[in-house]
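Undergrad: In our numbering, the protein residues as written are 41 to 373.
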Ligand SMILES: Nc1ncnc2c1ncn2[C@@H]1O[C@H](COP(=O)(O)OP(=O)(O)OP(=O)(O)O)[C@@H](O)[C@H]1O
Ligand SMILES: [Mg+2]
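(1) DSSP has residue 107 in a bridge; who is on the other side?
(2) Where does residue 192 land, buried or exposed, given buried means 16+ other C-beta within 10 angstroms?
(3) Would you identify the three-state DSSP class for residue 227, choosing helix, strand or coil?
(4) When DSSP builds the beta bridges, which residues end up paired with residue 273?
(5) Does the count of Cβ pairs from the region 250-270 and the region 302-310 closer than 8 Å reach three?
(6) Is residue 256 near ligand 2, judged by its Cβ being under 7 Å from some heavy atom?
(7) What do you reckon, are the CB atoms on residue 281 and residue 230 nearer than 8 Å?
(8) If you follow the alpha helix (DSSP H) that residue 131 is in, where does it begin and where does it stop?
(9) Would you mind stating whether residue 33 and residue 322 have Cβ atoms separated by less than 8 Å?
(10) Within 10 angstroms of the Cβ of residue 128, are there 16 or more other Cβ atoms? Answer buried if so, exposed if not.
(11) Check whether the Cβ of residue 63 lies closer than 7 Å to any heavy atom of ligand 1, and answer yes or no.
(12) Strictly by DSSP, which residues pair up with residue 212?
(13) Find out if the Cβ-Cβ distance for the pair residue 169, residue 207 is shorter than 8 Å.
(14) Hey, quick one: how far does the beta strand (DSSP E) through residue 182 stretch, first residue to last?
(15) Would the beta-carbon of residue 327 be found less than 7 Å away from any heavy atom of ligand 1?
(16) Buried or exposed, going by whether 16 or more other CB atoms sit within 10 Å of the CB of residue 292?
(17) Would you say the beta carbon of residue 212 comes nearer than 7 Å to a heavy atom of ligand 2?
(18) Give me the DSSP bridge partner(s) of residue 288.
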């Protein structure tokens with residue numbers, strides 16, 4: 041090997057080690073939130089985190105090099121963030137400035153991913169949590185008496201700011217939104233401009249080349265189901281703006297392995313399998329497992345504690361069915 045290529049190799053390794061060290065700090069902080077890092081220095085949690093990062097670095101998952109289209113054009117970025125399996129696909133669609141819909145169970149990382157996409161593309165991020173009572177003004181802006189002598193002036197809503205200046209705008213929980221109210225966005229989402237009459241001096245709103253709209257939903261917009269009971273049916277024309285770029289998400293094995301305590305994860309995956317096997321209307325999200333990890337890291341909880349909390353609003357029958365599966369599988373083993 042020439043000295044040039046040895047130096048290159050050394051540089052590459054050094055770079056990877058630096059990424060690993062930064063990632064380790066971030067993952068430890070994420071796991072511990074506000075608890076001092078020193079408190080986990082002697083725990084298995086730290087070993088698990090370091091092992092996980094070593095695995096990611098060796099397998100080439102870290103740092104993730106990804107081609108993105110930023111405001112300054114196409115560039116390759118190195119990301120140290122944990123990303124779900126669909127990340128590359130979503131980044132590509134966002135780089136093409138398409139409308140994107142993320143559909144997946146509660147707590148699988150849809151909202152988090154939308155913000156991550158903005159970060160990857162060097163774009164600003166704003167969002168709205170859609171509800172049945174949301175107003176058109178929350179999307180299009182307000183006329184407020186803030187001018188001289190109480191004159192009404194137009195104040196843009198974050199959607200308009202992102203549409204005109206570029207940025208990722210998240211319609212979070214779109215399937216909770218009023219299907220008629222969100223139709224006010226139909227023109228904006230399918231075209232390059234639309235009109236807001238309340239902005240008297242400049243009613244035409246032009247789409248910036250770097251505007252990306254992401255919608256996040258727990259359902260495919262066909263209305264409430266047995267699990268997500270507060271959902272609305274979305275208008276077919278609204279859905280059509282996202283149809284080709286609708287991405288199904290699920291709980292990410294890679295993210296859970298990086299963020300969740302191994303014992304919590306093993307327990308959680310077993311419960312999930314039982315929920316599926318018994319066809320129960322229940323979920324066990326990444327969010328819940330991260331919280332149980334926090335409990336475990338901070339005050340040494342165990343399976344019995346997680347179950348006390350998690351099964352609290354389950355019926356006796358549901359618990360019995362899950363336990364039954366557990367007993368049967370123990371007997372089979
Ligand atoms: N890529 C990621 N990196 C780090 N943490 C993540 C990532 N994705 C998800 N999480 C964690 O999982 C939690 C749940 O994610 P998020 O709130 O985005 O889920 P969601 O799919 O939007 O859920 P809901 O449908 O209930 O709104 C987050 O609070 C975050 O802690
Ligand atoms: Mg969310």
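Think of the CB as a built atom: it goes at the ideal place given N, C-alpha and C, for glycine as much as any other residue.
TA: In short:
(1) Residue pairing by DSSP places residue 107 opposite 116 in a beta bridge.
(2) Counting C-beta atoms within 10 angstroms of its own C-beta, residue 192 has fewer than 16 neighbours from the protein chains shown and is therefore classed as exposed.
(3) In this structure, residue 227 counts as helix in the three-state DSSP scheme.
(4) For residue 273, which the question treats as bridged, DSSP gives the partners 262.
(5) Judged by Cβ distances under 8 Å, the region 250-270 makes no contact with the region 302-310, as fewer than three pairs qualify.
(6) Correct: residue 256 has its Cβ closer than 7 Å to ligand 2.
(7) In contact: residue 281 and residue 230 (Cβ atoms closer than 8 Å).
(8) It spans 127-135 - the alpha helix (DSSP H) in which residue 131 sits, taken as one unbroken run.
(9) Outside the displayed span of the chain (41 to 373) sits residue 33, for which this structure offers no information.
(10) With fewer than 16 Cβ atoms within 10 Å of its Cβ, residue 128 is classed as exposed.
(11) With a threshold of 7 Å, the Cβ atom of residue 63 does not count as near ligand 1, since no heavy atom of the ligand is closer than that.
(12) Looking at the DSSP assignment, residue 212 forms a beta bridge with 169.
(13) Here residue 169 is not near residue 207, since their CB atoms are 8 Å or more apart.
(14) Residue 182 -> beta strand (DSSP E) spans 182-184.
(15) With a cutoff of 7 Å, residue 327 counts as near ligand 1, since its C-beta is closer than that to a heavy atom of the ligand.
(16) Residue environment for residue 292: buried (at least 16 other C-beta atoms within 10 angstroms of its C-beta).
(17) Yes.
(18) 143.
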